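First comes the structure, then the notes that go with it.
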Amino acid sequence: MLENSKISIYSKYASTSLLRRKQRTLFSLLAIAISIASIVAISLMGNSVNFTLQSSVKYYFGGDLRLDMEPVGFRTGDFDFRETEDFIIGLRDTGTIEDYTYIIDTVRGTDIQREGVTQTFLGLRGIETGKYPLYDEIPVIEPKGVKFNTLIKEPYDIAVNDILAQNLKLKVGDTLPVLSDNGRTEFKVVGIVKEGGGVADIFGVGIIKHETIMELLELEEKDASSIFIKTQNDSLMYEAERSIQNQLIDRNKYQITLTNYIEQNEATIDTLRPVLQFFGLAGIIALLVGAIGIITTMFISMKERKKEIGTMKAVGIKSSQVINFFLFEALFLGISGSILGVILGIIISTQLVLIAEGLFNTALRLVIDPFILLYGFLVGVFSVLTFQIVPAYIGSQIRPIIVLKDMEGEKPFYRDWGFIKIVFISFIVFGGILY
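Following this line, the structure appears as structure tokens:
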């Protein structure tokens with residue numbers, strides 16, 4: 000009962016004190032909220048980038064297994080598409096793999112005449128319509144609400160990715176001329192899509208039917224630059240990989256690069272690691288910058304209330320109770336500021352994800368991880384408590400005689416050795432918490 004009474008007294012004093020010092024309280028809340036918002040927003044963006052790219056690795060990779068051959072028309076090693084396809088069909092018939100598809104990637108010229116257009120090359124990707132890609136669907140930007148598999152119907156229909164559409168100033172319904180070995184062919188732009196990988200990231204890409212690209216390249220027999228394979232599980236994937244490597248590639252000495260999506264995922268993680276580390280470092284820097292504001296506010300608050308503390312000591316309040324008064328204030332500030340910071344961080348992260356989409360040239364899914372929100376909240380509360388411990392202790396050591404002294408002419412807070420000690424000790428303690 001007595002403990003509850005003490006907590007009630009501490010809480011009432013802390014809330015009254017915070018309301019009385021409106022300007023200082025508002026500044027403290029903003030300093031805490033901005034610091035925590037920075038951590039939460041940057042962490043959520045990093046987590047969203049990591050989650051989206053890893054969870055979509057099969058889509059971006061093309062399948063569970065991928066066979067990459069030398070470019071069509073520029074091969075120096077041995078490769079027979081017919082024999083390779085027959086072998087893969089055999090794996091499908093035995094249930095080792097579920098499905099497969101293939102593409103041809105090439106680069107061709109264009110003589111399109113548009114104001115401001117200087118690009119004369121474009122990537123072309125010939126696909127099996129209705130089967131490519133094996134996982135998910137290619138996002139369609141224009142026309143809205145249309146599935147990719149319904150876009151390319153005629154032999155000379157072409158769906159261009161957003162990079163090519165921007166470079167060549169294309170829109171749905173335009174005519175896109177392509178220069179190839181058999182002359183000039185005009186394609187009708189039937190859609191603008193999000194598609195990357197290979198030539199798509201360099202020149203932009205136009206997606207057409209596999210039969211049409213064979214005609215442009217004057218190929219008499221079916222061919223491919225990449226083959227994608229889908230399996231039911233990782234165990235069957237490894238079994239198919241061993242069979243292809245040992246019984247097809249090694250036996251026939253084919254010039255084929257065989258990789259699986261797990262290897263690609265590891266490579267993606269390695270690529271992302273510096274970016275994610277940067278996000279984490281940016282969050283820590285944001286917190287430390289905000290911490291200076293929090294420490295400054297706490298110390299100034301203590302300095303301004305020397306007479307008040309001296310009066311409290313004069314009427315018999317113990318040093319430990321003075322510390323508790325300060326810590327309850329810090330707790331209230333920490334909880335309020337951290338909640339505000341978490342909410343603000345979620346709002347900011349939605350904008351950061353849009354920026355990241357432009358950097359990575361892919362649609363990112365904002366993932367609101369409860370762990371990150373809880374982490375941001377706890378960091379905010381513990382940081383404020385940590386930064387308040389030393390000012391609270393210094394305040395508790397003020398003697399009652401201070402009420403009789405004139406406080407004018409004091410040094411600025413930033414030249415006070417007490418403030419410097421507070422900053423140093425608080426950063427050491429808080430660094431230990433983060434570590």
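Numbering-wise, numbering that gives the first Met the number 0 puts 217 at position 218 of the sequence shown, and it's gapless, one number per residue. Cβ atoms here follow ideal geometry from the backbone N, Cα and C, with glycine treated the same way. Source: prediction; values computed, not measured.
- Item | Candidates 130, 245, 387, 371: closest to residue 332 by CA position | Taking only the C-alpha atoms, the option nearest residue 332 is 387.
- Drop a sphere of 10 angstroms on the beta-carbon of residue 24, count the other beta-carbons inside from all chains shown, and report buried for 16 or more, exposed for fewer. Buried, since its Cβ has 16 or more Cβ neighbours within 10 Å.
- Contacts around residue 260, its chain only, beta-carbon distance under 6 Å, and the 5 residues preceding and following it disregarded: Answer for residue 260: 56, 57, 60, 63, listed in chain order.
- Message: Do residue 87 and residue 191 have their beta-carbon atoms positioned less than 8 Å apart in this structure?
- Response: No, the pair does not count as a contact, with Cβ atoms beyond the cut-off.
- Message: So if DSSP puts residue 65 in a beta bridge, which residue, or which two residues, is it bridged to?
- Response: Paired residues: 227, 258.
- Query: If you draw a straight line from the C-alpha of residue 108 to the C-alpha of residue 157, how long is it?
  - Reply: The straight-line gap from Cα to Cα measures roughly 15 Å.
- Classify residue 174 as helix, strand or coil using the three-state DSSP reduction. Residue 174: strand per DSSP, three-state reduction.
- Write down the C-beta distance between residue 151 and residue 128 rounded to the nearest angstrom, noting that I regard them as a contact closer than 8 Å. Rounded to the nearest angstrom, the Cβ distance from residue 151 to residue 128 is 5 Å, consistent with a contact under 8 Å.
- Task: Would you identify the three-state DSSP class for residue 210, choosing helix, strand or coil?
- Result: In the three-state reduction of the DSSP assignment, residue 210 falls in the helix class, which pools H, G and I.
- Top-ranked residue by Cα proximity to residue 180, from 189, 171, 211, 165: The residue with the shortest Cα to Cα distance from residue 180 is 211.
- Query: Excluding sequence positions up to five away, which residues of its chain have a Cβ less than 6 Å from the Cβ of residue 409?
  - Reply: Residue placement at residue 409 cannot be trusted, given a pLDDT of 47 that sits under 50; what the coordinates show is reported in the next sentence. Nothing listed; no residue qualifies.
- Task: Compute the beta-carbon to beta-carbon distance between residue 125 and residue 159, rounded to the nearest angstrom, for a pair I have assumed lies under 8 Å.
- Result: In this structure residue 125 is not in contact with residue 159, their Cβ atoms being roughly 14 Å apart against a cut-off of 8 Å.
- Message: With H, G and I counted as helix, E and B as strand and the rest as coil, what does DSSP make of residue 379?
- Response: Here residue 379 sits in helix by DSSP.
- Item | Cβ-based neighbour list, residue 413, same chain, cut-off 7 Å, excluding 5 preceding and 5 following | Residue confidence for residue 413 is low, a pLDDT of 43 falling below 50, so the modelled location carries little weight; the figure read from the coordinates is stated next. Cβ within range, chain order: n/a, list empty.
- Evaluate the contact criterion for the segment 167 to 176 versus the segment 97 to 104: three or more CB pairs, one atom per stretch, below 8 Å. Flag = no, the segment 167 to 176 and the segment 97 to 104 do not touch.
- Query: How would you label residue 132, buried or exposed, when you count the other beta carbons within 10 angstroms and need 16 or more for buried?
  - Reply: Flag for residue 132 reads buried.
- Task: State the start and end residues of the unbroken alpha helix (DSSP H) segment that holds residue 88.
- Result: That run of the alpha helix (DSSP H) goes 80 to 92.
- Query: For residue 337, which residues from the same chain have a beta carbon less than 6 Å from its beta carbon, with the 5 sequence-adjacent residues on both sides left out?
  - Reply: For residue 337, same chain residues with a beta-carbon under 6 Å away, outside a window of 5 residues either side, are 35, 376, 379, 380 in chain order.
- Query: If you follow the alpha helix (DSSP H) that residue 56 is part of, which residue opens it and which one closes it?
  - Reply: It spans 56 to 60 - the alpha helix (DSSP H) in which residue 56 sits, taken as one unbroken run.
- Classify residue 351 as buried or exposed, calling it buried when 16 or more other Cβ atoms lie within 10 Å of its own Cβ. With 16 or more other Cβ atoms inside 10 Å of its own Cβ, residue 351 counts as buried.
- Message: On a Cα-Cα basis, can you pick out the residue from 335, 140, 233 that is closest to residue 28?
- Response: Minimum Cα distance to residue 28 is reached at 335.
- Task: Go to residue 220, then tell me how far its alpha helix (DSSP H) extends in each direction, as first and last residue.
- Result: For residue 220, there is no enclosing alpha helix (DSSP H), as DSSP gives it neither H nor E.
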